[in-house]
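Student: Protein chains in written order, with the numbering used here: chain E, 79 to 193; chain U, 532 to 646.
Can you read through this structure? Questions will come right after.
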Amino acid sequence: AQSVAQPEDQVNVAEGNPLTVKCTYSVSGNPYLFWYVQYPNRGLQFLLKYITGDNLVKGSYGFEAEFNKSQTSFHLKKPSALVSDSALYFCAVRDSLRGNTPLVFGKGTRLSVIA
Amino acid sequence: DVKVTQSSRYLVKRTGEKVFLECVQDMDHENMFWYRQDPGLGLRLIYFSYDVKMKEKGDIPEGYSVSREKKERFSLILESASTNQTSMYLCASSVPGQGARTEAFFGQGTRLTVV
């Protein structure tokens, strides 16, 4: 079975500091990994994805994520947080062995950037 | 840009009513999905569809049904609304061409309250 864990319900960071939102996954084959962001009362917006190749993936709004196969992790990072980054972040996975199946999402991490 | 449009942002319905949530996408995507989002539970898959007139149950299909008569439209039906179906409902679509490699695109969500 495929699954995603986001171990932190809430992450607080000061504006200008680096931020990390953690994600670990479990799949049978190779993972396809995704990050989404949700602002209040809105749908999910795609940020970035890892399919294959370079372990460091760059995405929208200055976000990046690092794929670590040995630790089965795909943590979201940003060098300098903005107050406007405050939102709910979701990690999602799809197992390469299961083909065209729906994404499986984590429970989300609420990021609060304090001015 | 891909656009996924949900017919209502907010809905208030009475217990026992039959409720229709409509979703339309304009990018000719074969795949469409319905998720519900609840605090602390993340996104849970209700139903999905890979083609017209085709549907598959997700993780929590009880109390719901779906209809896909046209490729661009995927409807979620609450046969007899109950208060435990009060939630945020999110529709999504994706292309199947590269299958697992593709991200899903989300609508803005419908916040349904059943009273």
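All C-beta atoms in this analysis are idealised placements derived from N, C-alpha and C, irrespective of residue type, glycine included.
Small disclaimer: the values here were computed from a predicted structure and weren't measured.
Give me the Cα-Cα distance between lysine 601 of chain U and aspartate 557 of chain U, rounded to the nearest whole angstrom.
Tutor: Here residue 601 of chain U corresponds to residue number 70 of the second sequence, with the count starting at 1. Here residue 557 of chain U corresponds to residue number 26 of the second sequence, with the count starting at 1. So the two alpha carbons sit approximately 12 Å from each other.
Student: Please tell me whether isoleucine 129 of chain E has its Cβ less than 9 Å away from any Cβ of chain U.
Tutor: Position 51 of the first sequence, counted from the first residue, corresponds to residue 129 of chain E. So, interface residue.
Student: Is the CB-CB distance between glutamine 88 of chain E and leucine 189 of chain E below 9 Å?
Tutor: To locate residue 88 of chain E, count along the first sequence from 1; it is residue 10. To locate residue 189 of chain E, count along the first sequence from 1; it is residue 111. Yes, these two residues count as a Cβ contact at 9 Å.
Student: By DSSP, does valine 161 of chain E sit in helix, in strand, or in coil?
Tutor: Here residue 161 of chain E corresponds to residue number 83 of the first sequence, with the count starting at 1. It is helical.
Student: Does the stretch 94-105 of chain E come close enough to the stretch 151-159 of chain E that 3 or more CB-CB pairs lie under 8 Å?
Tutor: Yes, the stretch 151-159 of chain E is in contact with the stretch 94-105 of chain E.
Student: Measuring CB to CB, does lysine 544 of chain U end up less than 9 Å from valine 626 of chain U?
Tutor: Numbered from 1 along the second sequence, position 13 holds the residue referred to as residue 544 of chain U. Numbered from 1 along the second sequence, position 95 holds the residue referred to as residue 626 of chain U. Not a contact, by the Cβ cut-off of 9 Å.
Student: Can you confirm whether proline 180 of chain E, when its beta carbon is compared against all beta carbons of chain U, has any partner nearer than 9 Å?
Tutor: The residue labelled residue 180 of chain E in the question sits at position 102 within the first sequence. For proline 180 of chain E, the answer is yes, since a Cβ of chain U falls inside 9 Å of its Cβ.
Student: Would methionine 563 of chain U pass as a contact of serine 624 of chain U if the rule is Cβ separation under 9 Å?
Tutor: Reading the second sequence from its first residue, position 32 is the one you call residue 563 of chain U. Reading the second sequence from its first residue, position 93 is the one you call residue 624 of chain U. Against a cut-off of 9 Å, the Cβ pair of serine 624 of chain U and methionine 563 of chain U comes out as a contact.
Student: What would DSSP say about asparagine 119 of chain E, mapped onto helix, strand or coil?
Tutor: For the purposes of this step, residue 119 of chain E is taken as residue 41 along the first sequence, with counting starting at 1. Here asparagine 119 of chain E sits in coil by DSSP.
Student: At what residues does the beta strand (DSSP E) containing histidine 560 of chain U begin and finish?
Tutor: Within the second sequence, the letter at position 29 stands for residue 560 of chain U. Unbroken run through histidine 560 of chain U: none, as it is neither H nor E.
Student: Since glycine 121 of chain E meets chain U, which of its residues come closer than 7 Å, beta carbon to beta carbon?
Tutor: For the purposes of this step, residue 121 of chain E is taken as residue 43 along the first sequence, with counting starting at 1. Correct list: Leu621, Phe637, Gly638, Gln639 and Gly640.
Student: Alpha carbon to alpha carbon, what distance is there between isoleucine 129 of chain E and tyrosine 139 of chain E?
Tutor: Within the first sequence, residue 139 of chain E is the residue found at index 61, counting from 1. Within the first sequence, residue 129 of chain E is the residue found at index 51, counting from 1. For tyrosine 139 of chain E and isoleucine 129 of chain E, the distance between alpha carbons rounds to 20 Å.
Student: Apart from the five residues just before and just after threonine 614 of chain U, which ones in its own chain have a Cβ nearer than 7 Å to its Cβ?
Tutor: For the purposes of this step, residue 614 of chain U is identified with residue 83 of the second sequence, where counting begins at 1. For threonine 614 of chain U, where only same-chain residues beyond five positions count, the Cβ hits under 7 Å are Thr546 and Val645.
Student: By the 10 Å Cβ neighbour count, where 16 or more other Cβ atoms means buried, how is tyrosine 117 of chain E classified, buried or exposed?
Tutor: Locating residue 117 of chain E in the first sequence gives position 39, counting from the first residue. Classification for tyrosine 117 of chain E: exposed.
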